[in-house]
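In UniProt numbering, the protein residues as written are 1 to 268.
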């Protein structure tokens with residue numbers, strides 16, 4: 001059942017769609033361990049009950065922690081620095097449902113000139129490996145900077161954030177590491193390249209951006225590889241539980257090459 005659940009996260013499949021896919025694909029059945037000559041594929045209802053079991057007992061968080069514990073044992077979590085960031089995950093905005101209302105736990109927020117309705121996935125990412133070590137799910141209208149302190153694990157000496165985290169070093173809950181936060185775009189555009197100090201500031205911004213780029217990798221994995229662009233369930237609790245699974249599995253994808261290299265060294 002856990003392997004079925006992982007397949008569901010990897011391919012973004014509904015319960016019924018996953019059941020059908022297992023009947024259609026020998027490779028998927030081999031991965032799950034189902035032999036049709038001896039047993040049938042667990043049905044959609046069974047998968048639904050298993051997923052609820054994971055959610056009700058906070059086991060998706062335990063799965064996330066177990067994956068990270070294994071990566072830490074392999075030396076892939078250095079813990080010296082953390083990159084914080086957040087991404088918006090859209091929720092259905094339609095009111096064509098039984099309640100004739102949108103999900104009350106989701107909210108709208110403006111990014112640039114566009115409005116979005118849904119939730120935010122806030123993450124703390126290891127600055128060395130790009131592995132996600134902390135996940136928090138909130139409504140989309142929650143400010144990024146308010147969650148920064150909770151995204152720190154407490155052992156880092158430096159932390160990085162984009163311009164949305166301006167002023168984070170003055171927040172009591174985020175005091176500890178040395179913060180490197182991006183300059184606001186408007187202020188950066190005003191830098192005069194003719195002055196040496198302006199050129200140095202621009203170089204510093206580029207250096208910070210090169211470090212922060214690693215936080216985009218897990219977002220790419222869950223949104224593009226795992227196809228998780230919209231919330232699948234109603235309410236923050238269920239969707240946050242799924243985020244733990246998604247980012248835990250994304251960490252395996254991010255660390256894949258290093259893990260394979262470690263296995264190859266061990267085999268030799």
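In this text, a Cβ means the ideal position worked out from N, Cα and C, and glycines have one as well. Quick caveat, the model's predicted, so the values are computed rather than measured.
Indicate the three-state DSSP secondary structure (helix, strand or coil) for residue i in the structure shown.
i	result
residue 120	strand
residue 168	helix
residue 155	coil
residue 20	helix
residue 12	coil
residue 125	strand
First and last residue of the beta strand (DSSP E) that includes residue i?
i	result
residue 108	107-111
residue 178	178-181
residue 144	Here residue 144 belongs to no beta strand (DSSP E), and DSSP marks it neither H nor E.
residue 137	132-139
residue 101	It is not in any beta strand (DSSP E) - residue 101 carries neither H nor E in the DSSP assignment.
residue 219	Counting along the chain, residue 219 falls outside any beta strand (DSSP E), though it belongs to the alpha helix (DSSP H) covering 216-220.
residue 86	81-90
Terminal residues of the continuous alpha helix (DSSP H) containing residue i?
i	result
residue 252	236-254
residue 32	26-32
residue 60	59-73
residue 44	44-56
residue 186	185-189
residue 223	No alpha helix (DSSP H) contains residue 223, which DSSP labels as neither H nor E.
Under 8 Å by Cβ, that's how I've got residue i and residue j pegged, so tell me the actual separation to the nearest angstrom.
i	j	result
residue 179	residue 161	7 Å
residue 235	residue 65	Wrong, their Cβ atoms sit about 22 Å apart, outside the cutoff.
residue 132	residue 57	Rounded, the Cβ-Cβ distance is 22 Å, inconsistent with contact.
residue 119	residue 134	In fact, because the Cβ distance is near 16 Å, the residues do not count as touching under 8 Å.
residue 116	residue 90	6 Å
Indicate whether residue i and residue j have their beta-carbon atoms separated by less than 8 Å.
i	j	result
residue 156	residue 227	no
residue 159	residue 84	yes
residue 166	residue 184	yes
residue 127	residue 87	no
residue 43	residue 19	yes
residue 254	residue 130	yes
residue 54	residue 237	no
residue 164	residue 142	no
Rounded to whole angstroms, what is the Cα-Cα separation between residue i and residue j?
i	j	result
residue 124	residue 248	13 Å
residue 239	residue 260	31 Å
residue 11	residue 61	20 Å
residue 75	residue 195	43 Å
residue 4	residue 213	32 Å
residue 136	residue 37	43 Å
residue 168	residue 224	30 Å
residue 77	residue 175	22 Å
residue 93	residue 28	34 Å
residue 68	residue 81	16 Å
residue 16	residue 243	21 Å
residue 109	residue 140	6 Å
residue 207	residue 147	24 Å
residue 192	residue 200	11 Å
residue 171	residue 182	17 Å
residue 50	residue 33	17 Å
residue 24	residue 30	12 Å
residue 14	residue 257	30 Å
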